[in-house]
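Note sheet for the following structure.
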Ligand code: ADP
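In UniProt numbering, the protein residues as written are 1 to 518.
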């Protein structure tokens, strides 16, 4: 197995913790040893409660994007393993769905407790395989765990209805029942939270799940699944397969036993999954790409606007679908904002996420950096100016300098598409109407941000924005208690909050007739 080969500063070395004791907190190898010692370095898929390899023995290497080194190898699975995972989820469904809400709630609560107990190891794993700074990784563990806690509580609140009947000898009831087996396909940018946000409500409702995490970040998913087993989530209720994405996706789509597909990822793949769900008429939830506008009005508090837009832009090196993609700035405040924003961006430290003080990690892969380069070149060729950064970082690999581009307009890729890299395009605008028209000039509709001190304007603009989430004078707005999801081509359905439960429930109407006394 590739497992014994771990990496440090570009070299491959055999695992030997004492060699690196001096750097215990920051070195990838020490981090990996800590995870291994905790028992959470799982490198096999999970089907029916058993850890398994792919049936043909094929493997995929998982790399640390900060060093390019191989962290571990995991099985490259396909349709056969997925079919078995579906069968196991299907047979476990009959028992898991029949437990009382209190029993399911307790198992989920145990899982939450274990995630919190192991939050340091999980955060290290996230930083190692995904690259985000350790502080953000810890934030993700808390955020990811919060979905399990919240839905462990919601499990007990799946209320039905009794409807006043139109005929006196009848009683009309509404029951809420679990959808059945769920196929959950998740991306690499939040290796834990995108899973718990789906699996939490699914298990709470009584569904069982087959998860396919991203092949870039399967290790966090496997560690979380191990904790779920330890917590008493029964074998087969949560299965993890990874490998050949289209094959796994097709197996989930074709199966009549899978009643729901939930997906977070690119709009292109989301559309394919929606289309593929048609043949078996599955319930579908999609969290797809965004193109978030961040509108800074002349009447904004400049410090609040800079802090909020910086957080919304550069979180996870701009690799989130709610990241501010376009910063629209009103003419009267443009120069002042640009100056203060550039100063704030200059203060960000780029580096390995394990190093204290790092606020910008690497991008996930070379293709991501090439996309960023393409977008910046397109903008400069059409008249925009790079006022900070604008090139690969001297650290090499997939590090890119935090970048600010001014005078961006509607013709540029930076305006039209999600850049998913640390480039902040500043787009000047004149009036509130212009800002709303520019903001809505996209097929995406996930998150939007508004900075203004005017309360009437906050309402007007929030209501006019064709987006599922709006942050007013705030750049970080996601929380387990609020509904997260997009409109237009950013998706279908909501995750988190009480609305997140509805995605995993069917409504059944029961009419009790002929109730007259004889
Ligand atoms: P990103 O650009 O964020 O990687 P993707 O949509 O490509 O977004 O990936 C999100 C998830 O979808 C990943 O787990 C990936 O493996 C999976 N995926 C990609 N292509 C397919 C497919 N054809 N069928 C099913 N899942 C897929």
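Even for Gly, the Cβ is constructed at its ideal location relative to N, Cα and C.
- Straight-line Cα distance separating residue 456 from residue 296: Position 296 of the chain shown holds residue 296. Position 456 of the chain shown holds residue 456. For residue 296 and residue 456, the distance between alpha carbons rounds to 15 Å.
- Message: Does the distance between the C-beta of residue 185 and the nearest non-hydrogen atom of ligand 1 fall short of 6 Å?
- Response: Within the chain shown, numbered from 1, the residue matching residue 185 stands at position 185. True, at least one ligand heavy atom lies under 6 Å from that Cβ.
- In this structure, does DSSP put residue 51 in helix, strand or coil? Working through the chain shown from its first residue, we reach residue 51 at position 51. When DSSP states are grouped into helix, strand and coil, residue 51 belongs to the strand group.
- Item | residue 279 Cβ short of 6 Å to ligand 1 heavy atom set | Working through the chain shown from its first residue, we reach residue 279 at position 279. In this structure, residue 279 has its beta carbon at no less than 6 Å from each heavy atom of ligand 1.
- Item | Buried versus exposed, by CB contacts within 10 Å (16 or more), residue 174 | Position 174 of the chain shown holds residue 174. Exposed.
- Assign residue 191 to one of three DSSP states: helix, strand, or coil. Here residue 191 is taken as the residue at index 191 of the chain shown, counted from 1. Looking at residue 191 - three-state DSSP - the assignment turns out to be coil, as it is neither helix nor strand.
- Query: Can you tell me the Cα-Cα spacing of residue 16 and residue 381, whole angstroms?
  - Reply: Locating residue 16 in the chain shown gives position 16, counting from the first residue. Locating residue 381 in the chain shown gives position 381, counting from the first residue. Reliability of the predicted coordinates at residue 16 is poor, the pLDDT of 32 falling under 50, and no value is obtained from them.
- Query: Would the C-beta of residue 85 count as close to ligand 1, meaning under 6 Å from any of its heavy atoms?
  - Reply: As a working mapping, residue 85 is identified with position 85 in the chain shown. No, since every heavy atom of ligand 1 falls outside the 6 Å radius drawn around the Cβ of residue 85.
- Check the C-beta distance from residue 182 over to residue 209 and give it rounded, since I have them as a contact under 8 Å. By one-based count along the chain shown, residue 182 stands at place 182. By one-based count along the chain shown, residue 209 stands at place 209. That belief holds up - the Cβ atoms of residue 182 and residue 209 are roughly 5 Å apart, short of 8 Å.
- Message: Could you pull the DSSP bridge partners for residue 60 from this structure?
- Response: Here the question's residue 60 lines up with position 60 in the chain shown. BP columns for residue 60 point to 74.
- Quick one: residues in its chain with C-beta nearer than 7 Å to the C-beta of residue 422, no 5 flanking neighbours on either side, listed in chain order? As a first step, residue 422 must be located in the chain shown, where it is residue number 422. Result list for residue 422: 314, 317, 318, 360, 400, 402 and 403, in chain order.
- How would you write the range of the alpha helix (DSSP H) that residue 120 sits in, first residue to last? Residue mapping note: residue 120 aligns to position 120 of the chain shown, counting from 1. Counting along the chain, the alpha helix (DSSP H) containing residue 120 begins and ends at 119-130.
- Length of the line joining the Cα atoms of residue 325 and residue 418: As a working mapping, residue 325 is identified with position 325 in the chain shown. As a working mapping, residue 418 is identified with position 418 in the chain shown. Roughly 6 Å between the two C-alpha positions.
- Query: On the premise that residue 135 lies in contact with residue 158, defined as a C-beta separation below 8 Å, what is that separation, rounded to the nearest angstrom?
  - Reply: Counting from 1 along the chain shown, the entry for residue 158 is found at position 158. Counting from 1 along the chain shown, the entry for residue 135 is found at position 135. Not a contact, Cβ separation roughly 36 Å.
- Query: Under a Cβ-count criterion, where at least 16 other Cβ atoms within 10 Å of its own Cβ denotes burial, should residue 516 be classed as buried or exposed?
  - Reply: On the chain shown, position 516 is the one that residue 516 refers to. The residue is exposed, with fewer than 16 neighbouring Cβ atoms inside 10 Å.
- residue 139: CB within 6 Å of a non-hydrogen atom of ligand 1: As a working note, residue 139 is residue 139 in the chain shown. The answer is no for residue 139.
- Query: Taking the C-alpha atoms as reference points, what is the distance between residue 439 and residue 289?
  - Reply: Numbered from its first residue, the chain shown carries residue 439 at position 439. Numbered from its first residue, the chain shown carries residue 289 at position 289. So the alpha carbons of these two residues sit roughly 15 Å apart.
- Message: For a minimum of 4 consecutive residues, which ranges assigned as the alpha helix (DSSP H) are wholly contained in the region 225-263?
- Response: If one requires a minimum length of 4 residues, the alpha helix (DSSP H) runs lying completely within the region 225-263 are 245-254, in chain order.
- Item | Residue burial classification, residue 141 (beta-carbon count within 10 angstroms, cutoff 16) | Within the chain shown, residue 141 is the residue found at index 141, counting from 1. Buried: at least 16 other Cβ atoms inside 10 Å.
- Query: According to the Cβ coordinates, are residue 385 and residue 406 closer than 7 Å?
  - Reply: Indexing the chain shown from 1 puts residue 385 at position 385. Indexing the chain shown from 1 puts residue 406 at position 406. Yes, these two residues count as a Cβ contact at 7 Å.
- Query: From residue 164 to residue 511, what does the alpha carbon distance come to, in whole angstroms?
  - Reply: Indexing the chain shown from 1 puts residue 164 at position 164. Indexing the chain shown from 1 puts residue 511 at position 511. Near 11 Å, if we compare the C-alpha coordinates of residue 511 and residue 164.
- Message: Let me make sure I understand the geometry here. Which of 244, 475, 339 and 424 has the alpha-carbon closest to that of residue 322?
- Response: Translated into the one-based positions of the chain shown, residue 322 becomes position 322. Per the Cα distances, 475.
- Query: residue 299 and residue 454: beta carbons closer than 7 Å?
  - Reply: In the chain shown, counting from the first residue as 1, residue 299 sits at position 299. In the chain shown, counting from the first residue as 1, residue 454 sits at position 454. Going by C-beta atoms, residue 299 is nearer than 7 Å to residue 454.
- Item | Helix, strand or coil at residue 42 [DSSP, three-state] | On the chain shown, position 42 is the one that residue 42 refers to. If DSSP states are grouped into helix, strand and coil, residue 42 belongs with coil.
- Item | residue 105 to residue 218 span [Cα, whole Å] | As a working mapping, residue 105 is identified with position 105 in the chain shown. As a working mapping, residue 218 is identified with position 218 in the chain shown. Rounded to whole angstroms, residue 105 to residue 218 spans 26 Å at the Cα level.
- Label residue 243 either buried or exposed according to how many other C-beta atoms from any shown protein chain fall within 10 Å of its C-beta, with 16 as the threshold for buried. Locating residue 243 in the chain shown gives position 243, counting from the first residue. Under the 10 Å beta carbon count, residue 243 is surrounded by 16 or more other beta carbons and is classified as buried.
- Report the rounded CA-to-CA distance for residue 493 versus residue 513, giving the unit in angstroms. Here residue 493 is taken as the residue at index 493 of the chain shown, counted from 1. Here residue 513 is taken as the residue at index 513 of the chain shown, counted from 1. Rounded to whole angstroms, residue 493 to residue 513 spans 35 Å at the Cα level.
- Query: How long is the line joining the alpha carbons of residue 86 and residue 469, rounded to whole angstroms?
  - Reply: Sequence index remark: in the chain shown, residue 86 carries index 86 (1-based). Sequence index remark: in the chain shown, residue 469 carries index 469 (1-based). Taking the straight line from one Cα to the other gives about 34 Å.
- Which two residues bound the contiguous beta strand (DSSP E) that contains residue 177? As a working note, residue 177 is residue 177 in the chain shown. 171-178 is the extent of the beta strand (DSSP E) around residue 177.
- Query: Is residue 289 near ligand 1, going by C-beta to nearest heavy atom under 6 Å?
  - Reply: Looking up residue 289 in the chain shown gives position 289. Not one heavy atom of ligand 1 falls within 6 Å of the beta-carbon of residue 289.
- By how many angstroms is the C-alpha of residue 395 removed from the C-alpha of residue 77? In the chain shown, the residue the question calls residue 77 occupies position 77. In the chain shown, the residue the question calls residue 395 occupies position 395. Straight across, the Cα-Cα distance linking residue 77 with residue 395 is about 34 Å.
- Throw me the rounded Cβ distance for the residue 66 and residue 362 pair, which I believe falls under 8 Å. Here residue 66 is taken as the residue at index 66 of the chain shown, counted from 1. Here residue 362 is taken as the residue at index 362 of the chain shown, counted from 1. Residue 362 and residue 66 do touch by the CB rule: their CB atoms are close to 5 Å apart, below 8 Å.
- Quick one: grab the DSSP three-state call for residue 323. As a working note, residue 323 is residue 323 in the chain shown. Three-state DSSP puts residue 323 in coil, outside helix and strand.
- Item | Residues of its chain near residue 365, where Cβ-Cβ distance is below 8 Å and the 5 sequence neighbours each way are ignored | On the chain shown, position 365 is the one that residue 365 refers to. Closer than 8 Å at Cβ, skipping near neighbours: 65, 216 and 398.
- Message: Please determine whether the Cβ atom of residue 54 lies at a distance below 6 Å from any heavy atom of ligand 1.
- Response: In the chain shown, residue 54 corresponds to position 54, counting from 1. Not one heavy atom of ligand 1 falls within 6 Å of the beta-carbon of residue 54.
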